Structure formats: structure tokens, C-alpha cells
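The structure appears right after this line, and notes come after that.
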Amino acid sequence: MEPFTILLPFHLLICKPCQRAIPVDEITTHLHTTHKSLPASKRGDIIRACKSSTALWNNQHELQNFTIPKEPIPAIDLLQAPLLDGLKCNSCSYVVRNIQKIQIHCHTIHNWVNPNKRGGDVRATRAQDVPWRSGVPCQ
82 MEPFTILLPF HLLICKPCQR AIPVDEITTH LHTTHKSLPA SKRGDIIRAC KSSTALWNNQ
142 HELQNFTIPK EPIPAIDLLQ APLLDGLKCN SCSYVVRNIQ KIQIHCHTIH NWVNPNKRGG
202 DVRATRAQDV PWRSGVPCQ
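The numbering used here applies: residue 82 is where the sequence shown begins, and numbers increase by one.
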């Protein structure tokens with residue numbers, strides 16, 4: 082199934098050259114846009130093999146059920162090097178790289194209310210306590 086491998090403990094399909102996890106429903110697009118040089122027959126074989134597997138995450142929606150490890154784990158060599166711009170919730174193990182996503186998470190899961198109102202001059206406000214920390218390594 083080159084250039085892909087399955088990372089079984091996490092049920093992830095990994096594209097080795099791209100160093101990214103690809104949900105099964107996105108494999109066709111990924112192959113056609115990123116790996117055009119692969120013969121069409123080989124791309125078709127890969128797509129069929131992936132779609133027939135029951136051990137893989139199929140789409141982004143299913144990935145929401147992914148159990149995030151409670152404790153940090155070593156970097157996964159098959160994935161790109163860890164980025165240092167993660168935002169980790171202080172109340173649980175949720176980590177993302179997008180400020181709006183961490184705000185939504187903290188609001189919906191932990192009932193956090195953002196003290197900044199819309200349309201205000203953010204530069205005029207002093208630094209505030211937020212229920213997450215930044216600079217967290219993530220893959």
C-alpha cells in the first residue's frame with residue numbers, strides 16, 4: 082500500500098511522504114492532488130484497500146471520537162515533527178492549534194465565558210487569564 086502505512090494503535094492511515102494522517106474518505110482527493118505521479122491503477126488499488134479496511138478512521142466526523150491520550154506520548158516518527166504552537170485546555174487533554182477552536186471547546190465543554198466583547202479594541206485590554214495554555218507541542 083505504498084506510500085501509505087497504518088498506525089494501528091491509533092487506527093490512522095499515514096501518508097509517509099507527506100507525514101500526515103489521512104481519513105479514508107479523503108484518500109481519493111489526497112492521491113489525485115498530491116500524488117498525481119502514481120499510476121491510476123496503483124491509486125485505485127490503494128483506494129480500494131483503504132475503503133475495505135475496518136481498522137481506520139473514515140472521516141473527520143468519526144475522528145471526533147478519537148480518544149486523546151491523557152498523558153503526553155513520544156512523537157510519532159511517521160508524522161511531521163511536533164509543532165510548538167498548540168493550545169491545551171487546562172481542564173482536560175484537548176489540544177488544537179486554532180484560537181477559535183479552543184475558545185469554542187472551553188465555552189461548550191467547560192462553560193467558559195470570554196470576557197472580551199465583540200467589536201472592542203483588543204489592544205486596549207490587558208492580558209487576561211484564559212483556561213488554556215499556549216506553546217504546547219503537538220502533531
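Even for Gly, the Cβ is constructed at its ideal location relative to N, Cα and C.
The model shown is predicted, which means the values in this text are computed figures rather than measured ones.
Query: Just to confirm, is the Cβ distance from residue 166 to residue 140 under 7 Å?; Result: no
Query: Less than 7 Å between C-beta atoms, sequence neighbours within five positions excluded: which residues of the same chain meet that for residue 187?; Result: 170, 193, 212 and 213
Query: Below 7 Å between beta carbons: does that hold for residue 174 and residue 149?; Result: yes
Query: Can you tell me which of 157, 128 and 134 puts its alpha carbon nearest to the alpha carbon of residue 84?; Result: 128
Query: How long is the line joining the alpha carbons of residue 159 and residue 146, rounded to whole angstroms?; Result: 22 Å
Query: So, at 7 Å on beta carbons, what are the nonlocal neighbours of residue 210 in its own chain, with the 5 sequence-adjacent residues on each side left out?; Result: none
Query: Taking its Cβ as the centre, do 16 or more other Cβ atoms sit within 10 Å of residue 156, making it buried, or is it exposed?; Result: exposed
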